[in-house]
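Numbering (this note's numbering), first residue to last: 23 to 286.
Here a beta-carbon is modelled for each residue, glycine too, at the ideal position from N, C-alpha and C.
Owing to the predicted nature of the structure, the values given are computational and were not obtained by experimental measurement.
To start, the structure under review is shown below, and the notes come after it.
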């Protein structure tokens, strides 16, 4: 019995392969569509994609192309070809905006772009694009079954941008460009008032202001020391028991010491 089943499976396998090869070679679009659909349903997405690519020009813009381009987009997504999947999902929604699959395709298209978002430390062009796509989905389908996942994706993408902006500001501090660091930290705090990096940003803003002040020419030093003291007050006001309290207090003592020289 087991031998019979094994033989049948082998026969089916070679029959399937033969049908697929025939579909690749033949010009019969109906046959290609039928074989491609079978491959898609069987989860053989890479093979299905080759047939869908051949069929696309014949079905583009036609009502009967809805199923084809849905399967094509899904196959690309399931094989993790996210650039192509995002493009095809966009194309599907442009061509079939009233489709019952439009909501799903808009979400998966946005998710495809999100999958392309790189680590925070490199260029975030793809992340900004993904944020735009995900927000577009949220705005269009606020009550969607996918809304919880969409909001979570949006949150993670925005957190990545937030960290990128913080690290850019911190980089100025690390290379001792304190004037630029002050501006960058100031902008970061203004743009992301609820950020989890706020305590760090406030401390490094204080330290940047202090280091800028003591390395300034005499005529600018007093005003910059006063600015540094304001930065200290902002830090302890935000978080009195900040993890940087001892370092901040040391800076404050030196700031006051320098300011007393001006009073004399």
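Uninterrupted alpha helix (DSSP H) stretches at least 4 residues long and entirely within the region 188-244 occur at 200-213, 220-236, given in chain order. For the pair of segments examined, the region 90-110 was found to touch the region 62-73: the number of CB pairs separated by less than 8 Å reaches three. The region 42-122 contains, as complete alpha helix (DSSP H) runs of 4+ residues, the segments 51-63, 67-81, 87-100, 104-117 (chain order). With contacts defined as CB atoms closer than 8 Å, residue 206 and residue 194 qualify as a contacting pair.
Taking a cut-off of 8 Å for Cβ pairs, the region 246-256 and the region 219-235 touch, as three or more such pairs fall below it. The Cβ-Cβ distance between residue 73 and residue 102 does not fall below 8 Å. In the DSSP assignment, residue 282 falls within the unbroken alpha helix (DSSP H) covering 267-285. DSSP places residue 167 outside both helix and strand once states are collapsed to three, so it counts as coil. Taking residue 274 as the centre and dropping the five residues before and after it, the same chain places the C-beta of 254 closer than 6 Å to its C-beta, in chain order. Ranked by how close their Cα comes to the Cα of residue 199, the residues 156, 140, 179, 233 have 233 in first place. Residue range 147-162 is occupied by the alpha helix (DSSP H) that includes residue 147.
Looking from the CA of residue 152, the closest CA among 144, 129, 169 belongs to 129. At a Cβ-Cβ threshold of 8 Å, residue 159 and residue 188 do not count as neighbours.
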